[in-house]
Amino acid sequence: MMLISHEAIEILKEKFGKKCQLNLALAPFTTAQVGGPAKVLITVNNRESLIDAIKFCWENDLPYKILGSGSNVLVHEDGFNGVVILNRSKNIVCNIDKNPPEIYVESGANLSLVARKAALVGIAGLEWAATIPGTIGGAIYGNAGAHQSDMSHNLILVEILQQLSEPVYWNVEQMEYSYRCSVLKRKPQKAVILSAILKGFRDNPEEIQKRTKTFINYRKKTQPTGASMGSMFKNPPGDFAGRLIESAGLKGTSVGGVTVSSIHANFFLNSERATSNDYLKLIQLVQKTVYEKFEVNLDLEIELVGFPEQSSQNFQSGTIRL
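At the far end of the sequence shown sits residue 613, using this note's numbering, and the numbering has no gaps.
This is how it looks when you write it as structure tokens:
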């Protein structure tokens, strides 16, 4: 991919006006509050603007990254030398008259907000999502889940934009879902999630709210507050990453400004102006210690942004150790 030319930047500024900003730090746009500047940051507020921004990057062979809520990502301290598209396309339409009831959502919509809006009109089945701080696009891409459910249980269709075609709809089978993964995540390609149609089932709104409140209370008791990315590692088959990290005696362990939570060991907290390097060192330490004690590789659930490609792949698969 090419670096961004002055001419390309000028065109983007003309196309997106004040929505196009230069050299803006990404830390405020991530839940971990970590990350250097984006060469170009474009905020899109609807599906059409998202398509325009993506197509421009493709047509000009520019490096780009789509950022939703900023959870589940670690941005390099040096930032991202490309276009970061801040996805704020968040239209939500509930249709309880369908059988089963459907929810149309744009990819920048907050997942927990979708669950709450569905509950208000009597659409159940998304209670598990009410505690997840991410967007629909990210949730579909990574098959987000909680409480024995995930996106594969709710997705009917997802609208995909690919480089050489107009938007098309994929069904849930075409997403080839597995644990915290989809074909889009497993086989990186030039494809972007624009919107989706989700399904639920009818129920009394008060009953839905009761179940949702149970999940919210459980989260408050078992997961820390503060600046974090959410779950750091995927659960290995038949076990839990948090249990392994805790059993390895790593709760409360700190490197620089980042600490393994004393409440849930699979959460790393930015406790004191942590850097991306602090996070990487702690990730390495945890992966190494857990492997030495249990011979289990912990694979990252988060995504690394702005890191060298090979280094990123190695961290994701748990193959780098001190």
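Glycine is no exception: its CB is placed at the ideal position from the N, C-alpha and C atoms.
Through-space distance from residue j to residue i, alpha-carbon basis
{"i": "GLN575", "j": "GLU600", "result": "17 Å"}
{"i": "GLY597", "j": "VAL405", "result": "30 Å"}
{"i": "GLU594", "j": "LEU365", "result": "6 Å"}
{"i": "ALA565", "j": "GLY436", "result": "27 Å"}
{"i": "SER296", "j": "PHE347", "result": "13 Å"}
{"i": "ASP343", "j": "PRO515", "result": "38 Å"}
{"i": "ILE387", "j": "GLN500", "result": "17 Å"}
{"i": "THR322", "j": "PHE558", "result": "12 Å"}
{"i": "TYR582", "j": "ASP569", "result": "20 Å"}
{"i": "PRO496", "j": "VAL412", "result": "7 Å"}
{"i": "ILE300", "j": "LYS389", "result": "45 Å"}
{"i": "GLN439", "j": "ALA420", "result": "11 Å"}
{"i": "ASP530", "j": "PRO479", "result": "27 Å"}
{"i": "GLU563", "j": "SER545", "result": "10 Å"}
According to DSSP, residues forming a beta bridge with residue i
{"i": "PRO328", "result": "ALA316"}
{"i": "GLN453", "result": "ALA482"}
{"i": "ASN561", "result": "VAL549"}
{"i": "GLU464", "result": "According to DSSP, GLU464 bridges with nothing at all."}
{"i": "CYS348", "result": "Partner(s): none; CYS348 has no beta bridge."}
{"i": "LYS542", "result": "Its beta-bridge partners do not exist; DSSP assigns none."}
{"i": "ILE431", "result": "In the DSSP output, where bridge partners are listed per residue, ILE431 has none listed."}
{"i": "VAL335", "result": "ASN378"}
{"i": "ASP441", "result": "GLY436"}
Inter-residue CB distance, residue i and residue j (contact presumed, cutoff 8 Å)
{"i": "ASN401", "j": "THR422", "result": "12 Å between Cβ atoms; not a contact."}
{"i": "ILE357", "j": "ASN378", "result": "5 Å"}
{"i": "ALA556", "j": "LYS542", "result": "5 Å"}
{"i": "GLY359", "j": "LYS330", "result": "About 19 Å separates the two Cβ atoms, so there is no contact after all."}
{"i": "LEU452", "j": "ALA482", "result": "7 Å"}
Endpoints, beta strand (DSSP E) assigned at residue i
{"i": "ILE536", "result": "Unbroken run through ILE536 is the alpha helix (DSSP H), 532-538; no beta strand (DSSP E)."}
Proximity winner among the options, relative to residue i (alpha-carbon distances)
{"i": "ARG534", "options": "MET520, ALA518 and VAL551", "result": "VAL551"}
{"i": "LEU485", "options": "GLN465, TYR432 and ARG564", "result": "TYR432"}
{"i": "ILE333", "options": "GLY399, GLY529 and LEU313", "result": "LEU313"}
{"i": "LYS408", "options": "ASN557, ILE383 and ILE345", "result": "ILE383"}
{"i": "GLY361", "options": "ALA420, GLY521, SER440 and ALA532", "result": "GLY521"}
{"i": "ASN336", "options": "LYS389, ASP369 and GLU397", "result": "GLU397"}
{"i": "ARG471", "options": "GLN454, LEU455 and MET523", "result": "MET523"}
First and last residue of the uninterrupted alpha helix (DSSP H) at residue i
{"i": "ILE302", "result": "297-307"}
{"i": "TYR509", "result": "496-513"}
{"i": "PHE371", "result": "Per DSSP, PHE371 belongs to no alpha helix (DSSP H); it is in the beta strand (DSSP E), 371-378."}
Residue-level contact to chain B via CB, residue i, 8 Å cutoff
{"i": "LYS381", "result": "The question asks about chain B, but that chain is absent: this structure has only one protein chain."}
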